[in-house]
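Keeping their order, the protein sequence lines are chains A and B.
Take the first sequence: its letter number 115 is residue 115 in our numbering, and every next letter is one higher.
Position in the second sequence (first residue = 1) + 1000 = our numbering.
For each residue, glycine too, the CB sits at the ideal point set by N, CA and C.
Please read the structure below before turning to the comments.
Protein chains: 2
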Amino acid sequence: MTRILKGMRVVEGSAFVAVPLAGMQLAQMGAEVIRFDRIEGGLDAGRWPLAPSGRSLFWAGLNKGKKSIAVNMRSPEGQELITRIVTAPGEDAGLFLTNLRVRGWMDYETLSQYRRDLIMVTLMGDRHGRPQVDYTVNPALGIPDMTGPEDHDAPVASALPAWDLIAGNMVVSSLLAAERYRLRHGEGQEVEIALKDVAAATIGHLGMIGDAVLNDEERGKAGNSLYGAYGQDFICACGQRVMVIGLTARQWSGLVKITGTGRQMEMLAKRSGRDLRDEGVRWALRHEITDILAPWFAARRVGDFADSFDKAGVTWSIFRSVKEAVRHDPDLGEANPMFSMLDQPGLGRFPVPGCAAEFSARARTKPAPAPDLGEHTEEILGDVARLSDTEISQLFDKGVVESPRYTARSAA
Amino acid sequence: MTRILKGMRVVEGSAFVAVPLAGMQLAQMGAEVIRFDRIEGGLDAGRWPLAPSGRSLFWAGLNKGKKSIAVNMRSPEGQELITRIVTAPGEDAGLFLTNLRVRGWMDYETLSQYRRDLIMVTLMGDRHGRPQVDYTVNPALGIPDMTGPEDHDAPVASALPAWDLIAGNMVVSSLLAAERYRLRHGEGQEVEIALKDVAAATIGHLGMIGDAVLNDEERGKAGNSLYGAYGQDFICACGQRVMVIGLTARQWSGLVKITGTGRQMEMLAKRSGRDLRDEGVRWALRHEITDILAPWFAARRVGDFADSFDKAGVTWSIFRSVKEAVRHDPDLGEANPMFSMLDQPGLGRFPVPGCAAEFSARARTKPAPAPDLGEHTEEILGDVARLSDTEISQLFDKGVVESPRYTARSAA
């Protein structure tokens, strides 16, 4: 982990993608991140994909480098404990991330009575407080409608939970912005983010709302074409599919030059009476452009042109499955300093990513694996909640908290 | 804009989605964000979608609330000017975002000679410095391979540039993390982020790399199904398509109850010898579950069940195009305090989103429109570069800088 945020302590009560991702990114930047869960595990404890053992690779991926405490939150003692941990003193503490939306004892109003400068970032489904997930927000806002082959009738949802991932990153930046504000003004605050608002704002930022309001034509499906300029997938003689980009003037002229299609493009321009240097014209004439380029790719294997494309600075890539990418792309393995091979008990051995941002002031360190559920219960009760050994033992005996070690020790 | 970051000054030299988005988010949180461009406009000045006037809705969306200066960066004076602006003094300044990758005068090494505690966040294509865009990174890592209908052979790319959007948000959090570090240690630094690394790390965080390494079966296409549990699209009697979620135990039991399909689900469980309370079993039996639920939706119009679904807390949504969403969904218009109707010269009138995060310490304010290219050239030369009126006039006269106002004044 890079240690840019060393000293910061964040408490996280969460499930699924966005907020766990936020806490994990903070942990990978060096913050101490405490995730609390129910004794039986959170709603996401068994989320797919699973390892051959049946344990969740998803959970392990999104909780790397955190500390885990397992608490019975239905008991008043459990609620008091979480309150103590969330509101524990410390200049760089009092930072709480959640999407659990538990009313009453876990409200900002209640929690901030114990620490007036508490910062709490809450992710909701929509601004009305209704549950929404990536899979419902995305169809509601039109992305699946414009995704898929041109001749396909139905909407197509992406396999990537993009809004969750974007929202998770916004949780990080909102927390850091609010903490910056607290440092200057001494004030804590509540930050509320709705997943649906993140998506609605983003399609607005990209110009899609203006487009829908001002233009008659609906933006339809365009297969794997790059929208608004030129970019297309082609099948090569070896059967591999490549994506090739002609977005900027340089990319476009480079592509035409290296494929030797300049004369045909000129003829297309003449025939259509339009200037292909205009990216919108390339978009309008994309099918004709593709017809010109397709035979070039169909006649060649990827190996025939890969080096010359790279040397000429063509922006392109090969379509792969994740399995193929892991096998063939060195950027997805140890050759990339972002990845480390980790042996994780109950999961297996595979490349695990650290922080994608590289901070020059601190060397990148290896990603830490996810904890076992409740692995740090005793440590957190002592160091953060500041309970005595006797108090801690009582909580274990009453079943208010749990840890794998304590359970094992009692049984021995 | 919320004013959480009031006082911070960020300089941005960028094009396309990620870094412009980062600057815009900072501006919407209250930072002063100065975007510099070539006199003829950046590479993204004409990016689609366009307004009926031909002006870019995309550019307007991603540069809201920024200040714009237009500079001839090929001239030494222009380069010196940008250097002065990027490295201008001020405790909350010296923050620079870029994806332009100009070698030499715009390197961190060179710029930090003029301000030792400069923070510069650079977004690259891949870690080797090769150009990559969302449209090439996504196919290379396998997402289009697992997107699309189950019986569709080819990869399907989403219409959403998700990696750009995620990387843009990481640029924001990396900047804030580095600034926090500078405040504590007095040190600036360079932060490097590669778009492809962001994507590679993210699929790792989601467990996809572990899945690809450890499991024999490749994660294939699953249409619009929610991966790993239950969630499916259905066509209703009115022709509308809805998405319905049965991910958590509560969502699943609610869905079964409200559709009155409990007995059939029990029979399915018996027949298959598997327990539908296990989310992975619901995933394995998703086609059988869908066969049970489909007639229920086919016999009903959305209006028949919408209220009861909402009251029962079912997680669901209606598939829409962006046009339909803008027309029918109040969350995409002025009923949502995140949006304001703005009249923008050369563009038109449509709902414009502000910051998706709501900070309780500062009331949300209206989004500010994007500037004209070079709109703030004079102001920035005076207030930030600290040039005299004479010096400013000379720069205009030599064509080193430009602004719409100055040009108009000279012509008058």
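For residue 1344 of chain B, the pairing in a beta bridge is given by DSSP as B/1348. Put simply, the backbone Cα of residue 348 of chain A is about 52 Å away from that of residue 1350 of chain B.
Taking 9 Å as the cut-off between beta carbons, the residues of the segment 313–324 of chain A near chain B are 313, 314, 315, 316, 317, 318, 319, 320, 321, 322, 323 and 324, in sequence order. The beta carbon of residue 1174 of chain B falls within 9 Å of a beta carbon belonging to chain A, placing the residue at that interface.
Rounded to whole angstroms, the separation of the alpha carbons of residue 278 of chain A and residue 8 of chain A is 50 Å. In chain order, 1029, 1030, 1359, 1361 and 1362 place their CB closer than 8 Å to the CB of residue 1004 of chain B, counting only its own chain and leaving out the 5 sequence neighbours on each side. One finds 21, 24, 61, 62 and 353 in chain A with Cβ atoms closer than 7 Å to the Cβ of residue 1205 of chain B, taken in chain order.
Residues of chain B whose Cβ lies closer than 8 Å to the Cβ of residue 371 of chain A do not exist, since the nearest Cβ in that chain is about 16 Å away. DSSP, read as helix, strand or coil, puts residue 321 of chain A in coil. For residue 67 of chain A, the enclosing beta strand (DSSP E) starts and ends at 67–71. Each residue's CA atom was taken as its position, placing residue 119 of chain A and residue 175 of chain A some 7 Å apart.
Chain order gives the chain B residues near residue 231 of chain A as 1133, 1135 and 1136, where near means a beta carbon separation below 9 Å.
Each residue's CA atom was taken as its position, placing residue 1244 of chain B and residue 1317 of chain B some 7 Å apart.
Look at residue 148 of chain A: its C-beta is under 9 Å from a C-beta on chain B.
Secondary structure remark: continuous beta strand (DSSP E) runs of at least 3 residues inside the segment 1246–1334 of chain B, in chain order: 1316–1318. Contact holds between the segment 60–80 of chain A and the segment 371–380 of chain A, because three or more Cβ pairs, one in each stretch, are under 8 Å apart. Identification of chain B residues near residue 29 of chain A by a Cβ-Cβ cut-off of 9 Å yields 1173, 1174 and 1177, ordered along the chain. Under DSSP, residue 1233 of chain B shares a beta bridge with B/1243. Under the Cβ criterion of 9 Å, residue 1158 of chain B is counted among the residues facing chain A.
Around the beta carbon of residue 1391 of chain B, fewer than 16 other beta carbons lie within 10 angstroms, which makes this residue exposed. At least one CB atom of chain B sits nearer than 9 Å to the CB of residue 56 of chain A. Approximately 6 Å separates the beta-carbon atoms of residue 1058 of chain B and residue 206 of chain A; this is inside 8 Å, confirming the contact. At least one beta carbon of chain A lies nearer than 9 Å to the beta carbon of residue 1218 of chain B.
For a cut-off of 8 Å, the C-beta gap from residue 1165 of chain B to residue 1021 of chain B is around 7 Å, short enough to register as a contact.
Residues of the same chain with a CB within less than 6 Å of the CB of residue 406 of chain A, apart from the 5 flanking positions on each side, are 396 in chain order.
For residue 1380 of chain B, the enclosing alpha helix (DSSP H) starts and ends at 1377–1383. Two segments are said to touch when three or more pairs of C-beta atoms, one from each, lie closer than 8 Å; by this definition the segment 184–192 of chain A does not touch the segment 1183–1190 of chain B. The C-alpha of residue 1311 of chain B is placed about 56 Å away from the C-alpha of residue 1088 of chain B. Here the alpha carbons of residue 1293 of chain B and residue 1267 of chain B stand approximately 14 Å from one another. Straight through space, the alpha carbons of residue 11 of chain A and residue 18 of chain A are spaced by roughly 15 Å. Here residue 1122 of chain B carries a strand assignment [DSSP, helix/strand/coil]. Looking at the backbone, the Cα of residue 1342 of chain B and that of residue 1378 of chain B are separated by about 26 Å. Within chain B, the residues 1177, 1178 and 1181 have their CB atoms less than 7 Å from the CB of residue 4 of chain A, given in chain order. The three-state reading of DSSP puts residue 1056 of chain B in strand, counting E and B together.
Annotation for residue 1036 of chain B: the continuous beta strand (DSSP E) segment containing it runs 1032–1037. Under the Cβ distance rule, residue 1108 of chain B counts among the residues neighbouring chain A, one pair being separated by less than 9 Å.
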